[in-house]
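Asks: Heads up: the sequence lines are chains R and E, in that order.
Under my numbering, the residue at position 53 of the first sequence is numbered 53, and the numbers go up by one with no gaps.
Each number in my numbering corresponds to the 1-based position in the second sequence with 1000 added.
Just so it is clear, CB atoms sit at the ideal spot from N, CA and C, and this is done for glycine as well.
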Amino acid sequence: DGGITQSPKYLFRKEGQNVTLSCEQNLNHDAMYWYRQDPGQGLRLIYYSQIVNDFQKGDIAEGYSVSREKKESFPLTVTSAQKNPTAFYLCASSIPSGAYNEQFFGPGTRLTVL
Amino acid sequence: GIQVEQSPPDLILQEGANSTLRCNFSDSVNNLQWFHQNPWGQLINLFYIPSGTKQNGRLSATTVATERYSLLYISSSQTTDSGVYFCAVVDFGNEKLTFGTGTRLTIIP
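This is the structure:
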């Protein structure tokens, strides 16, 4: 089945620890995105990548880092520098082909800092 | 940056009722998507509709790009329609989706 997978579904971490969230897609999409959602809010863009080995900061990149070594994978690291990391994290992918750039989302990871 | 406003913020309806959700945006767009976020948090794609009208079963959507708004229609509501509906847009010269704050729909049996 084609789709986007995120793991783990739930993640707990202690303050001061870095943690990495996984995002994998087998849709052969070039572009991948990471969003953060806080309770009762819409999604905000953290980082995005349109091609392997290249990525750009979104609106709220501080305290996060990413890598894009393979087309299928776009892991997000939440570092200890992120002041308020407890949130729901969603990964998406798309084919940025001219005017058509519909994004599809994975099931998300809920991160709780204890 | 582009602003996206959704209305109403909350909507409570009896099963079987019809509803209209609205999305206003402040600039021209080349992508507009409607999503349904279910109680588990999954974002489900409903429509990719930068302009025109589309229908999928009990759901339909219309985007009037020149007037900078989009409407999502849900007919004969079912309890499984409950959740949060988001509108998201990409403006020209940009590559990211900007989300509205959503409409929370509750369908009562």
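Kindly confirm or deny that the segment 1076–1083 of chain E and the segment 1013–1030 of chain E touch, where touching means at least three C-beta pairs closer than 8 Å.
Replies: They touch, by the three-pair rule.
Asks: Using CA coordinates, which residue listed in Glu15/R, Gln17/R, Tyr33/R is at the minimum distance from Gly108/R?
Replies: To locate residue 108/R, count along the first sequence from 1; it is residue 108. With distances taken between Cα atoms, Gly108/R lies closest to Tyr33/R.
Asks: From the DSSP output, which residues share a beta bridge with Ile1074/E?
Replies: Position 74 of the second sequence, counted from the start, is the residue given in the question as residue 1074/E. Paired residues: Ser1019/E, Leu1059/E.
Asks: Between the segment 102–113 of chain R and chain E, which residues of the former have CB atoms less than 8 Å from a CB of the latter, in chain order?
Replies: Of all residues in the segment 102–113 of chain R, Glu102, Gln103, Phe104, Phe105, Pro107, Gly108, Arg110 have a Cβ within less than 8 Å of some Cβ in chain E.
Asks: What are the partner residues of Asp1010/E, as DSSP defines its beta bridges?
Replies: Position 10 of the second sequence, counting from 1, holds the residue named residue 1010/E. Answer is Arg1104/E.
Asks: Mind listing which residues of the segment 47–60 of chain R have their C-beta closer than 9 Å to chain E's C-betas, in chain order?
Replies: From the segment 47–60 of chain R, only Tyr48, Gln50, Gln56, Gly58, Asp59 have a Cβ closer than 9 Å to chain E.
Asks: Would Phe1025/E pass as an interface residue toward chain R - the criterion being a Cβ-Cβ separation below 9 Å?
Replies: Counting from one through the second sequence, the residue named residue 1025/E turns up at place 25. No, no contact with chain R.
Asks: Who does His29/R pair with in a DSSP beta bridge?
Replies: Your numbering for residue 29/R matches position 29 in the first sequence. DSSP, once it has assigned bridges, lists no residue as partnering His29/R.
Asks: Could you please tell me which residues of the segment 1032–1044 of chain E, in chain order, have their CB closer than 9 Å to any CB of chain R?
Replies: Those residues of the segment 1032–1044 of chain E that come within reach of chain R (Cβ to Cβ, closer than 9 Å) are Gln1033, Phe1035, Gln1037, Trp1040, Gly1041, Gln1042, Leu1043, Ile1044.
Asks: With a threshold of 9 Å between beta carbons, is Ala87/R in contact with chain E?
Replies: Along the first sequence, one-based indexing puts residue 87/R at 87. No, no contact with chain E.
Asks: Given that Pro8/R touches chain E, what residues does it touch there, using C-beta distances under 7 Å?
Replies: Taking the first residue of the first sequence as position 1, residue 8/R is located at position 8. Correct list: empty, because the minimum Cβ distance to chain E is about 14 Å.
Asks: Assuming Asn1080/E is part of the beta strand (DSSP E), what are its boundary residues?
Replies: Here the question's residue 1080/E lines up with position 80 in the second sequence. The sequence given here places Thr at residue 1080/E; Asn does not occur at that position. Looking at the DSSP string, Thr1080/E is not in any beta strand (DSSP E), and its letter there is neither H nor E.
Asks: To the nearest angstrom, how far is the alpha carbon of Thr1062/E from that of Leu1021/E?
Replies: Indexing the second sequence from 1 puts residue 1062/E at position 62. Indexing the second sequence from 1 puts residue 1021/E at position 21. When rounded, the distance between both Cα atoms is 11 Å.
Asks: If you run the structure through DSSP and keep just helix, strand and coil, what is Ala61/R?
Replies: Along the first sequence, one-based indexing puts residue 61/R at 61. Here Ala61/R sits in coil by DSSP.
Asks: Measuring straight from C-alpha to C-alpha, what distance separates Ala31/R and Ile1044/E?
Replies: As a working mapping, residue 31/R is identified with position 31 in the first sequence. As a working mapping, residue 1044/E is identified with position 44 in the second sequence. Using only the alpha carbons, I get a separation of about 18 Å.
Asks: Taking CB distances under 9 Å as the criterion, tell me whether Gly42/R reaches chain E.
Replies: If you number the first sequence from 1, residue 42/R lands on position 42. Yes, because at least one Cβ of chain E sits closer than 9 Å to the Cβ of Gly42/R.
Asks: Give me the Cα-Cα distance between Cys91/R and Phe105/R, rounded to the nearest whole angstrom.
Replies: Translated into the one-based positions of the first sequence, residue 91/R becomes position 91. Translated into the one-based positions of the first sequence, residue 105/R becomes position 105. Going by the C-alpha atoms only, they are around 6 Å apart.
Asks: In or out: Ala81/R buried (at least 16 other Cβ within 10 Å) or exposed?
Replies: Indexing the first sequence from 1 puts residue 81/R at position 81. With fewer than 16 Cβ atoms within 10 Å of its Cβ, Ala81/R is classed as exposed.
Asks: Does any C-beta atom of chain E lie closer than 9 Å to the C-beta of Gln25/R?
Replies: Within the first sequence, residue 25/R is the residue found at index 25, counting from 1. Judged by the 9 Å Cβ criterion, Gln25/R is not in contact with chain E.
Asks: By how many angstroms is the C-alpha of Asp54/R removed from the C-alpha of Cys1023/E?
Replies: Locating residue 1023/E in the second sequence gives position 23, where the first residue counts as 1. Locating residue 54/R in the first sequence gives position 54, where the first residue counts as 1. Answer to the nearest angstrom: the Cα atoms are 33 Å apart.
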